[in-house]
Every structure is written in structure tokens, then in C-alpha cells.
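Everything on this sheet refers to the single structure shown next.
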Amino acid sequence: MSTNEILTPRQKFIAAANRSKILLNKCKNCGHMMLETVIYCEKCYHKNFESTEVDGIGSVETYTIQSVAPEGFEDVESYAWVVFKLDNILLRTSGFLPGIMKPEDLPLKTRVRVVGFNHIHGLVLEKTIQ
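Start counting at 1 in the sequence shown, then tack on 14, and there's your number in this note's numbering.
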């Protein structure tokens, strides 16, 4: 990719995830921050945004353990689909955490961080040392 090439929003999101960041939209009218996929500000309904990044670190709020992989996910034995609250911002997002077999492997409030992006699994997470 040349340095003059303009990245799509998806490419920017993936690049941020590969740097352990989450790409957000910040409303130019009120400053509210939302996931990059939002089209209108959920606070003031304006649609003028600037891109910003935050650290992809947070705490597990809820999850679902998938112990029998669905079609397309045969490359992993067991994983959790995790909803986590980002640090220092009132925002939740979700991601793929491989290697989770049972609830004891992932207590609520476990610290996780984004470690990359996989074109099949989406945001890839890992547990962090507490």
C-alpha cells in the first residue's frame, strides 16, 4: 500500500486494532465519542466527526463461550465472544478471545486488551496480567 493511498474506514479500524487501539468517531459538535460505525451522534444527532483512537484495554462485562465451533471457526477449539468496557470512556465493544473453555477461565471484570484483527474473528483479545 502506497503512502498516498487513502484508507477506507474498515482499513483504518483494522490498522488501529493491530496497534492495540480502538478507532472511534468523535463528534465535532459536542465531543461525544462513539464506535467508528455510527453515522449520527447519539447525543446531538450531528454527523460531522473526526477519527480518534483509544487504548483497546478494558474489563469483561459479559461473554458467551463457544465450545463447539460454528462453520468458519474450525481453526479454534473453544473461545469466548466478549463484551468489554473500555478504560477511561463510557463505551463497550466486543471481541474474540481464544482458549476459553469454561466460565472459570474468564471471571467477570477480567482485564483484556485488543491484540489485533482477524478477518474471520474480528477484534482479537487476550487476557492481561492484573
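Idealized CB from N, CA, C, for every residue including glycine.
This one's a predicted model, so the numbers in the text were calculated from it and none came from an experiment.
query                                                                                                    : result
contact_flag[the segment 122–129, the segment 21–36] where n(CB pairs < 8 Å) is 3 or more                : yes
Through-space distance from residue 43 to residue 90, alpha-carbon basis                                 : 43 Å
Rounded distance between the beta-carbons of residue 99 and residue 106, thought under 8 Å               : 5 Å
Candidates 21, 104 and 136: closest to residue 170 by CA position                                        : Past the edges of the chain, shown from 15 to 144, lies residue 170, and the structure says nothing about it.
Close Cβ partners of residue 135 (< 6 Å) along its chain, the five nearest in sequence each way excluded : 110
Residue 35 - DSSP class collapsed to helix/strand/coil                                                   : strand
Anticipated Cβ contact below 8 Å, residue 71 with residue 124, distance rounded                          : In fact, because the Cβ distance is near 12 Å, the residues do not count as touching under 8 Å.
Test item: CB-CB of residue 37 and residue 50 under 7 Å                                                  : yes
Three-way DSSP call (helix, strand, coil) for residue 29 in this model                                   : helix
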